[in-house]
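Asks: Protein chains in written order, with this note's numbering: chain A, 1 to 188; chain B, 1 to 188.
Yeah, the Cβ is synthetic: ideal placement off N, Cα and C, and Gly gets one too.
Let me give you the structure first, and then I'll get to my questions.
2 protein chains.
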Amino acid sequence: MARWEPGASDRLRAATLELFAEQGFERTTVAEIAARAGLTERTFFRYFTDKREVLFGDQTTFERAFTDPIAAAPADTGAFAVVVGALHAMADGFFTREARPLSAQRQTVIDADPALQERELLKLAGVARAMAGALRARGVPAATATLAAESGVTVFRVTFARWLGDPTDRGFGTILDEVVVELGALAG
Amino acid sequence: MARWEPGASDRLRAATLELFAEQGFERTTVAEIAARAGLTERTFFRYFTDKREVLFGDQTTFERAFTDPIAAAPADTGAFAVVVGALHAMADGFFTREARPLSAQRQTVIDADPALQERELLKLAGVARAMAGALRARGVPAATATLAAESGVTVFRVTFARWLGDPTDRGFGTILDEVVVELGALAG
Numbered sequence: 001m002a003r004w005e006p007g008a009s010d011r012l013r014a015a016t017l018e019l020f021a022e023q024g025f026e027r028t029t030v031a032e033i034a035a036r037a038g039l040t041e042r043t044f045f046r047y048f049t050d051k052r053e054v055l056f057g058d059q060t061t062f063e064r065a066f067t068d069p070i071a072a073a074p075a076d077t078g079a080f081a082v083v084v085g086a087l088h089a090m091a092d093g094f095f096t097r098e099a100r101p102l103s104a105q106r107q108t109v110i111d112a113d114p115a116l117q118e119r120e121l122l123k124l125a126g127v128a129r130a131m132a133g134a135l136r137a138r139g140v141p142a143a144t145a146t147l148a149a150e151s152g153v154t155v156f157r158v159t160f161a162r163w164l165g166d167p168t169d170r171g172f173g174t175i176l177d178e179v180v181v182e183l184g185a186l187a188g
Numbered sequence: 001m002a003r004w005e006p007g008a009s010d011r012l013r014a015a016t017l018e019l020f021a022e023q024g025f026e027r028t029t030v031a032e033i034a035a036r037a038g039l040t041e042r043t044f045f046r047y048f049t050d051k052r053e054v055l056f057g058d059q060t061t062f063e064r065a066f067t068d069p070i071a072a073a074p075a076d077t078g079a080f081a082v083v084v085g086a087l088h089a090m091a092d093g094f095f096t097r098e099a100r101p102l103s104a105q106r107q108t109v110i111d112a113d114p115a116l117q118e119r120e121l122l123k124l125a126g127v128a129r130a131m132a133g134a135l136r137a138r139g140v141p142a143a144t145a146t147l148a149a150e151s152g153v154t155v156f157r158v159t160f161a162r163w164l165g166d167p168t169d170r171g172f173g174t175i176l177d178e179v180v181v182e183l184g185a186l187a188g
């Protein structure tokens, strides 16, 4: 199957997800991943510390994709609006239409392995903590910062699941706005 | 057969939390817990399958404490109000003023051990899934059920943390109502 491969990192990511989907996370080796991508193990380790990192990426980088937009938001924006803005910024960078098939493949792998599900929960718990910290740094009181950040992660999780399953191929940002409106209607 | 010991379960729980607080979760053995409680290891295993279960209890029982009130709520109650009602019912049963010192001790143990934090995240993820299922069983559409259940867990987590740290000794239910109002104001 001929397709355009923009670089080693993306080829390794695609090969990893293919192999995890075919034979599971546990049974897949780095040697197999490198071979499938047509690269060496050495190249793999230039980009990733282990096969799990292909799924989860670097936590600090991931958290900054949420917290940098929070830090950059106009000073007079409300706490939850700042969080929603950060989710939009994150979506524009990461959750594009082109990214959806790989995201769906990744989710299937995670859904099949309880240890990976735990890791994903930890990853998002880290995001909530990081966003709460970024809100406090803007002067948001701690109690409000925690609630806004945790609710933001809830909105993110719900949006992400709907986006992956959306039959009409709507964008992440469109679904995000829909979930925010629904949360306002539910809780308001 | 180990014989029935009056109050054995509570004594074991208190001894477990004391030892975890003194020397950490990993380094504490069931033999030490039983000795501290003045009971045998055999009695311990009549009540708990392992030392971790003392902290986390039985997951099915825990989930039912949330889902039974959801199933019993009046038919015309909105999805999020049903969830908030379930959190109140849960609080009335488990998170009384008398329970706060033990809950705080338990939280300190969990906060000190990343593996226990993971377990706690999984426990609450299970609650969110169970509540969403209980809402769907009432006829709530799946998308709304997930959002209401996940938001309910967020409200629960935030309330729980505030309750443990509350300097004025307010009840869980009072703080819960406060968090629900704040969420409505944030998201509405």
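My output table needs one value for A/P74: the three-state DSSP class, helix, strand or coil.
Replies: coil
Asks: Residues in its own chain within less than 8 Å of A/V180 by CB, not counting five upstream and five downstream?
Replies: V84, V155
Asks: Between A/Q59 and chain B, is the shortest Cβ-Cβ distance under 9 Å, so that the two count as touching?
Replies: no
Asks: Given a cut-off of 9 Å, decide if B/L116 and B/A14 are closer than it, judged by their beta-carbon atoms.
Replies: no
Asks: Looking at the C-beta of B/M1, does it have a partner C-beta in chain A at a distance below 9 Å?
Replies: With a pLDDT of 45 at B/M1, under the threshold of 50, the predicted position of this residue should be treated as unreliable, though the coordinate-derived value follows. Not an interface residue.
Asks: Spatial neighbours of B/D169 within its chain, please: C-beta separation below 6 Å, excluding the five flanking residues on both sides.
Replies: none
Asks: Got a sec? Which residues, its chain only, sit under 8 Å from A/R3 by beta carbon, not counting five neighbours each side?
Replies: Here A/R3 scores only 40 on pLDDT, less than 50, and its place in the model should not be relied on; the value that follows carries that caveat. So the list is empty, once near-sequence residues are dropped.
Asks: In chain A, which residues lie less than 9 Å from B/R42 when you measure between Cβ atoms?
Replies: Ordered by position in chain A, no residue passes the 9 Å Cβ test against B/R42, which lies about 31 Å from the chain.
Asks: Hey, how far is the Cα of A/A99 from the Cα of B/T144?
Replies: 25 Å
Asks: With DSSP as the reference, label B/E182 as helix, strand or coil.
Replies: helix
Asks: Whole angstroms are fine: how far does the CA of A/Q105 sit from the CA of A/L17?
Replies: 7 Å
Asks: Kindly indicate which residue of A/G133, A/E178, A/A185, A/K51 has the alpha-carbon position closest to the one of A/F66.
Replies: A/G133
Asks: Whose C-alpha, out of A/E63, A/G139, A/E53, is nearest the C-alpha of A/I110?
Replies: A/E53
Asks: Taking three-plus beta-carbon pairs below 8 Å as touching, is the segment 78–96 of chain A in contact with the segment 20–35 of chain A?
Replies: no
Asks: Can you give me the C-alpha to C-alpha distance between A/E135 and A/A187, rounded to a whole angstrom?
Replies: Per the sequence presented here, residue 135 of chain A reads as Leu, with Glu not at that position. For A/L135 and A/A187, the distance between alpha carbons rounds to 21 Å.
Asks: Taking Cβ-Cβ distances shorter than 7 Å, what residues in chain B pair up with A/T174?
Replies: Going along chain B, no residue has its Cβ under 7 Å from A/T174, so there is no contact; the nearest lies around 14 Å.
Asks: Tell whether a beta-carbon distance below 9 Å holds between A/L39 and B/L183.
Replies: no
Asks: Counting C-beta neighbours from all protein chains within 10 Å, is the total for A/T61 16 or more, i.e. buried, or is it exposed?
Replies: exposed
Asks: Specify the secondary structure class of A/E26 as computed by DSSP and reduced to three states.
Replies: Three-state DSSP puts A/E26 in coil, outside helix and strand.
Asks: Quick one: grab the DSSP three-state call for B/D92.
Replies: Per DSSP, reduced to three states, the secondary structure at B/D92 is helical.
Asks: Please tell me whether A/A185 and A/V153 are closer than 9 Å, where the distance is taken between their beta carbons.
Replies: Result no, Cβ atoms of A/A185 and A/V153 do not sit closer than 9 Å.
Asks: Using a Cβ cut-off of 8 Å, pull out every chain B residue sitting near A/V109, in sequence order please.
Replies: Here the premise fails: no neighbours, minimum Cβ distance about 18 Å.
Asks: Is any beta-carbon of chain B found at less than 9 Å from that of A/R162?
Replies: yes
Asks: Check whether the Cβ atoms of A/R162 and A/I175 sit closer than 9 Å, and answer yes or no.
Replies: yes
Asks: Take B/E63 as the anchor and find which of B/A79, B/Y47, B/A89 has the nearest alpha-carbon.
Replies: B/A89
Asks: In the structure shown, what three-state DSSP assignment does A/F48 receive?
Replies: coil
Asks: Near B/F25, what residues of its chain come up, given a Cβ to Cβ distance below 7 Å and the 5 sequence neighbours on each side ignored?
Replies: V109, D113, L116
Asks: Go ahead and label B/A73 buried or exposed: buried means 16 or more other beta carbons lie within 10 angstroms of its beta carbon, across all protein chains shown.
Replies: buried
Asks: Please check if any C-beta of chain B sits within less than 9 Å of the C-beta of A/R170.
Replies: At least 9 Å separates the CB of A/R170 from every CB of chain B.
Asks: Determine the extent of the alpha helix (DSSP H) in which B/D111 is found, giving its start and end residues.
Replies: Counting along the chain, the alpha helix (DSSP H) containing B/D111 begins and ends at 100–111.
Asks: According to DSSP, is B/G171 helix, strand or coil?
Replies: coil
Asks: Residues of the segment 132–146 of chain B in Cβ contact with chain A at a cutoff of 9 Å, in chain order, please.
Replies: Answer set for the segment 132–146 of chain B: A143, T144, T146.
Asks: Tell me, please, whether the CB atom of B/S103 is closer than 9 Å to any CB atom in chain A?
Replies: no
Asks: Classify B/P69: buried if its beta carbon has 16 or more other beta carbons within 10 angstroms, exposed otherwise.
Replies: buried
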